[in-house]
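*Asks:* With our numbering, the residue at position 411 of the sequence shown is 415, and numbering never jumps.
Pasting in a structure now, in structure tokens, and then I'll have a few things to ask.
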Amino acid sequence: MTCLNCILMHRRIAVAELDIDDVSGVIQKTNTVFKPEHLPIGILIHKGTVDRAALNAWWADRSIPASRSGIREALETLDIASTKTLPVRNYGLSLSDQYWICPVNSHLTWERINYFQNDFSEDIGDVLFGVHKNKNVLDFSSPDNTSDGNLKKRWKMINGKRCLLKGGSNPYRQQPLNEVIASEIMDCLDIAHVPYTVIWEKGAPYSVCEDFVDDKTDLVPAWRIFQSQKRSNSTSVYQHFVDCCAKLGIRDVTGFLDRMIVLDYIIANEDRHLNNFGALRNAETLEWIGMSPVYDSGSSLGYDKIPAQMRQEREIVCKPFKNHHEEQLRLVSSYDWINFDRLSDVKELIADVLSVDEAKDYMDANRIRVIIEMTQRRIEHLKQIALTHHSSLRMDSTKDDVVENIAKAYGV
Numbered sequence: 005m006t007c008l009n010c011i012l013m014h015r016r017i018a019v020a021e022l023d024i025d026d027v028s029g030v031i032q033k034t035n036t037v038f039k040p041e042h043l044p045i046g047i048l049i050h051k052g053t054v055d056r057a058a059l060n061a062w063w064a065d066r067s068i069p070a071s072r073s074g075i076r077e078a079l080e081t082l083d084i085a086s087t088k089t090l091p092v093r094n095y096g097l098s099l100s101d102q103y104w105i106c107p108v109n110s111h112l113t114w115e116r117i118n119y120f121q122n123d124f125s126e127d128i129g130d131v132l133f134g135v136h137k138n139k140n141v142l143d144f145s146s147p148d149n150t151s152d153g154n155l156k157k158r159w160k161m162i163n164g165k166r167c168l169l170k171g172g173s174n175p176y177r178q179q180p181l182n183e184v185i186a187s188e189i190m191d192c193l194d195i196a197h198v199p200y201t202v203i204w205e206k207g208a209p210y211s212v213c214e215d216f217v218d219d220k221t222d223l224v225p226a227w228r229i230f231q232s233q234k235r236s237n238s239t240s241v242y243q244h245f246v247d248c249c250a251k252l253g254i255r256d257v258t259g260f261l262d263r264m265i266v267l268d269y270i271i272a273n274e275d276r277h278l279n280n281f282g283a284l285r286n287a288e289t290l291e292w293i294g295m296s297p298v299y300d301s302g303s304s305l306g307y308d309k310i311p312a313q314m315r316q317e318r319e320i321v322c323k324p325f326k327n328h329h330e331e332q333l334r335l336v337s338s339y340d341w342i343n344f345d346r347l348s349d350v351k352e353l354i355a356d357v358l359s360v361d362e363a364k365d366y367m368d369a370n371r372i373r374v375i376i377e378m379t380q381r382r383i384e385h386l387k388q389i390a391l392t393h394h395s396s397l398r399m400d401s402t403k404d405d406v407v408e409n410i411a412k413a414y415g416v
């Protein structure tokens, strides 16, 4: 076992001295803390000592999960035993925030190595997408080393933009197409979101979105915000998150959650876990910018279900606050912002996206018809709720709450 002595950096700011096992990727020791306020959100200090278990959990979240599609074959090509070692190979650099590790006495600088301003290798992305490469000439300088989530994904430069490509799961490969549908529905509802398009490679669809984090910004997942305060047993998951945001100074949270919850009901989103939305802050001043635009809405619209299952809406799971969408809708404070007339073309919207020639190997007319039918049914139900809704009727308790650590099993 070899240990890497390094400094956890936040852009140019030295945060803490660490010893990391460069084989297992585990933080073995935390030494001097220089700027405790710049530690990742949710990492607490007790009696002058950093919570190393929490810091390791944060660091582990920067690695590709072992459940990623095709990861076993990728590890064989890379000739490594675990994805946990990959973040060490590229200094923990990401395109989602400004944290990285600088080996002591290495003289590396943020300006020289960050991926927001510098090129990165596509070798790791190629391997993750099944391209066989000579392990002896691989360049590990890639943000793909620190991309989480279970679906096949990679970063790629497209027309000078840093873009994330993400695939879908068998048998329908529907998630990339759903991202486009969700984007267009959010356009109709004026919900701030990350725009998505679809490209086809070797007969398979991949969603494409530009990086919405810049070189001065951190995306802080809701799970990290959730960890910033201790939650009492009598406080609901929703209320605890709102309380944590208020304590940190993140503004306009309720309005954002109203819109996200409504969107997720319309598209029957099954995967809006606490690592699947978040807030943005300035990495140097630590000033909160606000909640991030909505992203990653692909695991929706019955993406893994046959039509008969789609009609059985009780089989649709829900996150991040309640286990059922009907219960989660009770958390919405206002529906006044919804212009239902702008959803009148949802049938054509869905049909246009799912009926493209390339999708015929995955989609048939009956499947598309049922997806449209169920979406329209949810919109009509939402209209009825909006007509009778009053803020005094808003309800929240711990009833039907998701388990607190639901985000641990998932990635973005």
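We treat Cβ as the ideally placed atom computed from N, Cα and C, and that holds for glycine.
#1: Taking only runs that begin and end inside the region 44–107, name each unbroken alpha helix (DSSP H) of 4 or more residues, in chain order.
#2: Alpha carbon to alpha carbon, what distance is there between residue 144 and residue 29?
#3: What residues in its chain sit with their C-beta under 8 Å from that of residue 73, if we drop five residues either side in the sequence?
#4: Specify the secondary structure class of residue 295 as computed by DSSP and reduced to three states.
#5: Just checking: is the beta-carbon of residue 310 within a distance shorter than 9 Å of some beta-carbon in chain B?
#6: So within the region 298–338, which uninterrupted alpha helix (DSSP H) runs reach at least 4 residues, ignoring any that extend past its ends?
#7: Assuming contact is defined by CB atoms lying nearer than 9 Å, are residue 12 and residue 43 in contact in what I supplied?
#8: Would residue 391 be called buried (16 or more neighbouring beta carbons within 10 Å of its own) or exposed?
#9: Which runs of the alpha helix (DSSP H) spanning at least 4 residues fall entirely within the region 216–266, listed in chain order?
#10: Between 99, 162, 393, 148, which lies nearest to residue 338 when the distance is taken from Cα to Cα?
#11: If you drop the 5 nearest sequence neighbours on each side, which residues of the same chain put their C-beta closer than 6 Å to that of residue 329?
#12: What residues are listed by DSSP as bridge partners for residue 17?
#13: What's the gap between the Cα of residue 363 and the Cα of residue 335?
#14: What number of angstroms, rounded off, separates the C-alpha of residue 194 from the C-alpha of residue 257?
#15: Kindly list the residues whose CB is nearer than 6 Å to the CB of residue 411, restricted to its own chain and excluding five residues on each side of it in sequence; keep chain order.
#16: Need the endpoints of the beta strand (DSSP E) that residue 402 sits in, please.
#17: Going by C-alpha to C-alpha distance, which of 368, 358, 218 sits closest to residue 185?
#18: What separation, rounded to the nearest whole angstrom, lies between the Cα atoms of residue 14 and residue 103?
#19: Go through its chain and collect everything with a Cβ distance to residue 112's Cβ below 6 Å, but skip five positions before and after it.
#20: Assuming residue 117 is part of the alpha helix (DSSP H), what are its boundary residues?
#21: Where do the N-terminal and C-terminal ends of the beta strand (DSSP E) with residue 2 fall, by residue?
#22: For a quick check, are the C-beta atoms of residue 209 and residue 175 less than 9 Å apart?
#23: What does the alpha-carbon distance come out to for the pair residue 120 and residue 220?
#24: Could you give the first and the last residue of the continuous alpha helix (DSSP H) run that contains residue 180?
#25: Taking the straight line between their C-alpha atoms, what separation do you get for residue 32 and residue 315?
#26: Label residue 87 either buried or exposed according to how many other C-beta atoms from any shown protein chain fall within 10 Å of its C-beta, with 16 as the threshold for buried.
#27: Residue 295 to residue 260, Cα distance in whole Å?
#28: Evaluate the contact criterion for the region 301–314 versus the region 244–257: three or more CB pairs, one atom per stretch, below 8 Å.
#29: According to DSSP, is residue 414 part of a helix, a strand, or is it coil?
#30: Suppose you measure from the CA of residue 234 to the CA of residue 124; what does that come to, to the nearest Å?
#31: Do you know offhand how far residue 307's Cα is from residue 371's?
#32: Note the first and the last residue of the continuous beta strand (DSSP E) segment covering residue 37.
#33: Could you say which of 136, 240, 218 lies nearest to residue 332 if we only look at CA atoms?
#34: With residue 212 as the anchor, note down where its alpha helix (DSSP H) starts and where it stops.
#35: Could you pull out every residue in the same chain whose Cβ sits closer than 6 Å to the Cβ of residue 150, ignoring the five residues on either side in sequence?
#36: For the alpha helix (DSSP H) that residue 350 lies in, which residues bound it at each end?
*Replies:* In brief:
#1: Inside the region 44–107, DSSP marks whole alpha helix (DSSP H) runs of 4 or more residues at positions 56–64, 75–82, 90–93, from first to last along the chain.
#2: Approximately 15 Å between the Cα atoms of the pair.
#3: Excluding sequence neighbours, residue 73 sits near 154, 155, 156, 171, 173.
#4: Residue 295 falls in the strand class under three-state DSSP.
#5: Absence of chain B from the displayed structure is noted, only one protein chain being present.
#6: If we require 4 residues or more, the alpha helix (DSSP H) runs fully inside the region 298–338 come out as 311–315, 329–333.
#7: yes
#8: exposed
#9: You should have 226–230, 241–252.
#10: 393
#11: Cβ neighbours of residue 329 within its own chain (closer than 6 Å, five residues either side excluded): 269, 322.
#12: 14
#13: For residue 363 and residue 335, the distance between alpha carbons rounds to 36 Å.
#14: 16 Å
#15: Because the pLDDT of residue 411 is 48, which lies under 50, any placement of that residue in the model is unreliable, and the number read from its coordinates should be weighed accordingly. Taking residue 411 as the centre and dropping the five residues before and after it, the same chain places the C-beta of 227, 277, 278, 279 closer than 6 Å to its C-beta, in chain order.
#16: Here residue 402 belongs to no beta strand (DSSP E), and DSSP marks it neither H nor E.
#17: Nearest C-alpha to residue 185 among 368, 358, 218: 358.
#18: Between residue 14 and residue 103, the C-alpha separation is close to 5 Å.
#19: 106
#20: 114–117
#21: There is no way to answer for residue 2, as the model of the chain reaches only from 5 to 416.
#22: no
#23: Their backbone Cα atoms lie some 9 Å apart in a straight line.
#24: 179–193
#25: 50 Å
#26: buried
#27: 7 Å
#28: no
#29: A caution first: residue 414 carries a pLDDT of 43, below 50, which makes its placement in the model unreliable, though a value can still be read off. Three-state result, residue 414: coil.
#30: 39 Å
#31: 10 Å
#32: 31–37
#33: 240
#34: Element bounds for residue 212: not the alpha helix (DSSP H) but the beta strand (DSSP E), 208–214.
#35: 66, 91, 98
#36: 350–358
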